[in-house]
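A short write-up of the structure that comes next.
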Amino acid sequence: MKRIESKHDLAINGAVPAFDQPLHVGRPNIGSREAFMQYAEEIFDRRWLSNNGPVVQEFERRVAEYHGVKHCISMCNGTVALEIAIRALGMEGEVIVPSYTFVATAHALSWQGITPVFADIDPVTHNLDPEAVRRMITPRTTGIIGVHLWGQAAPVEALQQIADEHGLKLMFDAAHAFGCSRNGRMIGNFGACEVLSFHATKFFNTFEGGAILTNDDDLAEKMRLMRNFGFSGLDNVVHMGTNGKMIEVAAAMGLVNLDAIDSVIAANKRNHEAYRAGLAGLHGISLRTFDEAERNNYQYVVMEVGPDCLKTRDRIIEALHAENILARKYFWPGCHNMKPYRELYPLAGLLLPNTQQVADRVMVLPTGTTMSKEMVETVASVIRTIVAG
Ligand SMILES: Cc1ncc(COP(=O)(O)O)c(C=O)c1O
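Here it is, written out as structure tokens:
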């Protein structure tokens, strides 16, 4: 790796890039290939590829156990899991969500004719601000979807209180929060249900996949029916449904990745600490920290570029890309600024000042098992040089 000591060493100034291969933010973590191949052989031998096979059942049991939750209902992806959860809860009319989230949170509502109403976030936690949620309640509101952004739990107690006061349904988009806790209680145990994503770019993946966690027996039963066309038994359709099933080979990936999860979390934590040390004291730059009293997965290294930084966020990203460091803006420019929602609410930004500010400042840095401590140190020294140069 090249040494970065002055601005003349930067690729934007004509030097060779710091890395000859691109460093991605969400490069998949992959557990034991041998174990995965063994599962694949068994799946082929059984010729049971989908429809609640034994590997899916084992995966659901292990994920539920990991989170200390009664039910894990696996799905083909997190978006369909959100859609099914929303429908199973009977949400309709308007549902309050953050705008600062992946667009699937809002799409899962719009897709089924429900209006997402965007509430502002707390600029420090990046999660929903309960007071902003209160301000967005109308007679048409039926629910709230909190998002545990970056794996840090949303203010679940305050949101539950608002939901109880107004008779609203409450669920969480926990796509980032596999293996995380809130006040020592594992994610999966809050609201009516919580939705996970196991997309390839998440720190824990099943190629594509998702799941709903809940302690509610009736809700679980309903969602199991809904993910399989409403079939109860061979020929008996008892509920409206869709096809949300996880396949066997995806569950096999989940099981081998679950076996490797401690080492993945350890790599993420080590990288986060190396970034923190490498960027310490850099004017205008701050790195989101984790509450060490909680369980964390450390999957996102979130850097904020403040107004007092000598370089803009976009300029830093451009210079990093020249070095083959593919840092990304995240959740920019906010759902409310994306075409389908901008057309719906052209003035939404006026009520979302914190969302606008955070979306303009945040960038996410590469981490995961494919990043070594030395690589992280190089990325940090590149950032220091860009900012100073
Ligand atoms: C916050 C959030 N919600 C929902 C999703 C959708 O999950 P999936 O890609 O598994 O459909 C994602 C990630 O992709 C996400 O980050």
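Using this note's numbering, you'd call the opening residue of the sequence shown number 65 and step up by one each time.
Idealized CB from N, CA, C, for every residue including glycine.
F123 sits in a helix when the DSSP states are folded into three classes. Note on the region 98-164: whole beta strand (DSSP E) runs with a minimum of 3 residues are 135-139 and 158-162, in chain order. For a cut-off of 8 Å, the C-beta gap from L192 to A218 is around 6 Å, short enough to register as a contact.
In the same chain as V127, and ignoring 5 residues on each side of it, the C-beta atoms closer than 7 Å to its own belong to C136 and A275, in chain order. Taking 8 Å as the cut-off, the beta carbon of S445 is found closer than this to the beta carbon of I68. Of the heavy atoms belonging to ligand 1, none sits nearer than 7 Å to the Cβ of V220. L213 places its beta carbon 8 Å or farther from that of H230. With contacts defined as CB atoms closer than 8 Å, L429 and A383 fail to qualify as a contacting pair. For A324, the Cβ stays outside the 7 Å cut-off from all heavy atoms of ligand 1. Assignment of I349 by DSSP, reduced to helix, strand and coil, places it in the strand class. Here T270 is not near A324, since their CB atoms are 8 Å or more apart. By the 16-neighbour rule on beta-carbons within 10 angstroms, D355 is exposed.
Within the same chain, and ignoring the five residues on either side of S114 in sequence, the residues whose Cβ sits closer than 7 Å to its Cβ are K309, I311 and E312. Distance check between A344 and each of V451, T434 and L322 places V451 closest, using alpha-carbon atoms only. In the DSSP annotation of this structure, the continuous segment of the beta strand (DSSP E) that includes M427 starts and ends at V426 to L429. Checking the 7 Å criterion, the Cβ of A239 is within range of a heavy atom belonging to ligand 1. Rounded to the nearest whole angstrom, the CA to CA distance from I226 to A183 is 14 Å.
Sequence-distant partners of T449 (beyond 5 residues in either direction) whose C-beta falls short of 8 Å from its own C-beta, in its chain, are I68, E69, S70, K71, D73 and L74. For M367, the uninterrupted beta strand (DSSP E) run begins and ends at V365 to V369, by DSSP. A Cβ-Cβ distance of about 6 Å is found for the pair N93 and F267, placing them in contact under the 8 Å criterion. Going by beta carbons, K134 and N279 fall inside the 8 Å limit. The region 167-211 contains, as complete beta strand (DSSP E) runs of 3+ residues, the segments 179-183 and 205-211 (chain order). With a threshold of 16 other beta carbon atoms within 10 Å, A82 meets it and is buried.
A distance below 8 Å between beta-carbons, with the five flanking residues on each side excluded, links L408 to the following residues of its chain, in chain order: T179. Distances from the CB of N361 to the heavy atoms of ligand 1 are all 7 Å or more. Fewer than three Cβ pairs drawn from the region 145-154 and the region 397-408 lie within less than 8 Å of each other, which leaves the two stretches out of contact. Assigned with DSSP and collapsed to three states, R334 falls in helix.
Under the three-state reduction of DSSP output, N418 falls in the helix class.
Between G348 and D372 the beta-carbon gap is near 4 Å, inside 8 Å, which marks them as a contact.
When the Cα atoms are used, F123 and L319 turn out to be separated by approximately 6 Å.
The residue from V80, M427 and T431 with its alpha-carbon nearest to that of K333 is T431. In the three-state reduction of the DSSP assignment, S296 falls in the coil class, being assigned neither a helical nor a strand state.
With a cutoff of 7 Å, F166 counts as near ligand 1, since its C-beta is closer than that to a heavy atom of the ligand.
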